[in-house]
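Taken in order, these protein sequences are the chains called A and B. Number 150 in the numbering used here belongs to position 150 of the first sequence; there are no gaps in the numbering. Each number in the numbering used here corresponds to the 1-based position in the second sequence with 1000 added. Each remark here refers to the structure printed beneath this line.
There are 2 protein chains.
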Amino acid sequence: MEAANKALPDRVDEAYIVERIYSAVMEHRLPPAQKLNELKLCEAFGVGRMRVRRALLLLSDQGIVELEANRGAFVASPSPKEASEVFDARMVLEPAIARRVAVAVSPEYLAMLRQHIALEDEAREYRKGADLVRLSGEFHVKVALASGNLILRRVIRELVTRSSLIVGLFGASNHKDCPDGEHSDLLGAIERGDADTTASLMFEHLRKIKDGLDLAPPRPKEGDLKDILGLR
Amino acid sequence: MEAANKALPDRVDEAYIVERIYSAVMEHRLPPAQKLNELKLCEAFGVGRMRVRRALLLLSDQGIVELEANRGAFVASPSPKEASEVFDARMVLEPAIARRVAVAVSPEYLAMLRQHIALEDEAREYRKGADLVRLSGEFHVKVALASGNLILRRVIRELVTRSSLIVGLFGASNHKDCPDGEHSDLLGAIERGDADTTASLMFEHLRKIKDGLDLAPPRPKEGDLKDILGLR
DNA sequence: ACAATCAATATCGTTGACAACTTTTTCCGT
DNA sequence: ACGGAAAAAGTTGTCAACGATATTGATTGT
C-alpha cells in the first residue's frame, strides 16, 4: 500500500486537509501531542509541502495544533486552564444557541436532529464506541447548525473539536463524552419549543461533562520530575 | 520615506500583520474590496512574501479578506446574507456574554469598561470621528474580554471586525456604528449586576444597529452595470 | 471610430534548493 | 560500561526562480 488510503478527492486543498485532521481529532484517533510530520502528511495526502504547511497554520490558529519553531507541528495538548476556558466558553455560548433553536427551528433541521439521536441509539446498542465518540461531539455541532447560522456552527465546531482533545487528556477512563440520554432530553425540549428548559439542559449537560474532567493538577512542568517521582 | 512608517517591531510575524490589518479594517481605513497587493505588503512590513501570504490565509479563514485564485487578496465585501448572519450571530452570542459579565465581573475589568466609556465621551466631545468609530467596535470586544475568557474575546473580535466591514458597506451616511449613550447604559446595567437588563440591552443595541443597515437590495452582480447607471 | 485579436506587463501559485535548527547516532576518553 | 562531545541524519524555515493566469495596452482590419 502506498497512496489511496481512502480515495482522496481529485483536488486536495487546505480545507480538505484541515477537515480530515479535524475529524481524526474528534474521533480520538489523533491523540494530543502527536507529532504531525510534514513529509508524511505530504505523502498521505499526495500534495506538496506548501499545502500541508498552510493547513497546519490554519489548524494552529484554531488551537487544534501547536506549532513549535524548528520542531514542527503537534496535536495540541491544552493546559487545564485552557481546558477550563473552552468549557466555560461553551457554557456561555451553547445555551444561548440552543435557546434560539428551540424558539425557531425549521422542520428540516428538526428531522436532522431526530435522525442523529437515532444514530446515537444505534451506536450504543451495538457497542460501537468509536462511532459514539464522534456522534457525541457532532450532536452539539448539529444543534448549532440547526440555528440556520453557519457562523455559529463554525464557532461551536471549533470548540467541540478542542473539547475532544480535552476529554482525551483529562477524562477519566470511565468518562462519558456526553452522558446517555441527555441529548435526547435536549431534543425533547427543543421539539416542545421550551426555550428556558432547552437552555438550562444544555448548560447542565456541559457542566456535567466539565465536572467529569480531572482538571485539578496543573500539568507537570519540565523541572518537576523529582516531585512526580517522589524524590525530594 | 521608505520603511519605518510606524516603527515596526523587531520581529514581524504573521500575527502582527493580521493584527494591523484587523485594526485598519476596524477603523474603516481599509475599505471593502480594497486590493491587497502582496508585494506592497511585503515592502510595508519589511518581510518576505511567505509571511504576507500566510497572514492573508489566516485573514481569509476569518472572513476578513477574500482570496481569489490568480487574482489576489481583497478586503472582504460581505453579501447582504452574510451581513445578516454576522449580526444574527452577534445577537445570539453577545447578550449571553454580557449577561455573564453582569453576573460576575472583576473590579479590574469594570475599571477598564469605565475608562472606555470616558474615552468615547471624549471622542464625541471633540468630534474625533475616526476615534469614535474604532472605540465603538472596541467596546464590544472589551465587554467580551471582561468575561475573563479569551476564547470569547476572540470570537467577538472576529465578528466585530466583520461588522465594521458591513457597516462600511451597508450603513447609511448618517449611520451610527453604535448609537450614543447605549454603551453607557449597558455599563450601568453591568455595574448594578442586573443580568436580565444587561442581556436585553445588548440585544436591542445590536438589533438597532442591524436595523440601521440597508440590506434590502442584493449586491449588484457583474452584468447589472446598466441597471446601476440607469441605462436601460 | 470601433471591435476584436494579440502582445506585453504584472501578479499570483508552485516548486525545488539551501540554510538553520533539532534530534539521533557514533565515537572516544575515563 | 558510562557520560559527554562530536558527527550524521532528519526536519523545518526561508528564499529565489519559474510557470501559469489575469490584466493592460497596442495593433490591425473593417
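Ideal Cβ positions, reconstructed from N, Cα and C, are used throughout, including at glycine. Quick caveat: nothing in here was measured; it's all calculated off a predicted structure.
Check: Residue-level contact to chain A via CB, I1097/B, 8 Å cutoff; Outcome: yes
Check: Spatial neighbours of L1187/B in its chain, beta-carbon cut-off 6 Å, leaving aside the 5 residues before and after; Outcome: L1113, I1117
Check: Selection of the stretch 60 to 72 of chain A by Cβ proximity to chain B, strictly under 9 Å; Outcome: D61, Q62, G63
Check: First through last residue of the alpha helix (DSSP H) which encompasses A1069/B; Outcome: Per DSSP, A1069/B belongs to no alpha helix (DSSP H) and is neither H nor E.
Check: Sheet register partners of K1035/B (DSSP bridge); Outcome: F1074/B
Check: Which listed residue (L1057/B, E1014/B, E1122/B) has its alpha carbon closest to that of G1072/B; Outcome: L1057/B
Check: G171/A in three-state terms, based on DSSP; Outcome: strand
Check: Through-space distance from L41/A to T59/A, alpha-carbon basis; Outcome: The displayed chain sequence assigns Leu, not Thr, to residue 59/A. In a straight line, the C-alpha of L59/A is about 14 Å away from that of L41/A.
Check: Whole-number beta carbon distance between I97/A and A144/A, since they are thought to touch under 8 Å; Outcome: 5 Å
Check: For L213/A, three-class secondary structure by DSSP; Outcome: strand
Check: Contact with chain B by E204/A, beta-carbon distance below 8 Å; Outcome: no
Check: Cβ contact check for the stretch 1008 to 1023 of chain B and the stretch 1044 to 1055 of chain B: 3 or more pairs under 8 Å; Outcome: yes
Check: G85/A, enclosing alpha helix (DSSP H) - first and last residue; Outcome: Note on identity: in this sequence residue 85/A is Glu, with Gly being the wrong assignment. Where E85/A is concerned, the enclosing alpha helix (DSSP H) stretches over 80 to 103.
Check: DSSP-derived helix/strand/coil call for S147/A; Outcome: coil
Check: Interface residues of the stretch 140 to 165 of chain A facing chain B [CB-CB below 8 Å]; Outcome: S147, N149, L150, I151, L152, V155, L159
Check: Nearest-angstrom Cα separation, counted from D1088/B out to L150/A; Outcome: 11 Å
Check: is_contact[Y1016/B, chain A] using C-beta, thresh 8 Å; Outcome: no
Check: Three-state class that DSSP yields for E27/A in the structure shown; Outcome: coil
Check: Residue from S84/A, G148/A, A111/A, G63/A with nearest C-alpha to V101/A; Outcome: G148/A
Check: Simplified DSSP assignment, three categories, for D1194/B; Outcome: coil
Check: CA-to-CA distance, G1193/B to L1039/B, given in whole angstroms; Outcome: 51 Å
Check: Three CB pairs or more closer than 8 Å across the stretch 194 to 210 of chain A and the stretch 120 to 128 of chain A; Outcome: no
Check: Cβ distance (whole Å) where I1064/B is taken to contact Y1109/B below 8 Å; Outcome: With a Cβ gap of about 26 Å, I1064/B and Y1109/B do not count as contacting.
Check: Top-ranked residue by Cα proximity to A172/A, from H183/A, G212/A, K208/A, S164/A; Outcome: G212/A
Check: F74/A beta carbon less than 8 Å from that of A111/A; Outcome: no
Check: Complete alpha helix (DSSP H) runs within the stretch 1103 to 1137 of chain B (minimum length 4 residues, chain order); Outcome: 1107 to 1125
Check: Backbone CA spacing between E1191/B and H205/A [nearest angstrom]; Outcome: 30 Å
Check: Within 8 Å, strictly: CB atoms of V133/A and D177/A; Outcome: yes
Check: Cutoff 8 Å: D13/A Cβ touching any chain B Cβ; Outcome: no
Check: As assigned by DSSP and simplified to three states, the class of K1040/B; Outcome: helix
Check: Separation of K35/A from F1203/B, as counted between CA atoms; Outcome: 44 Å
Check: C-beta contact flag for R1207/B and M1091/B at 8 Å; Outcome: yes
Check: Interface partners of R1020/B on chain A, CB under 9 Å; Outcome: The contacting residues do not exist; R1020/B stays about 16 Å from chain A at best.
Check: P80/A to P1179/B span [Cα, whole Å]; Outcome: 40 Å
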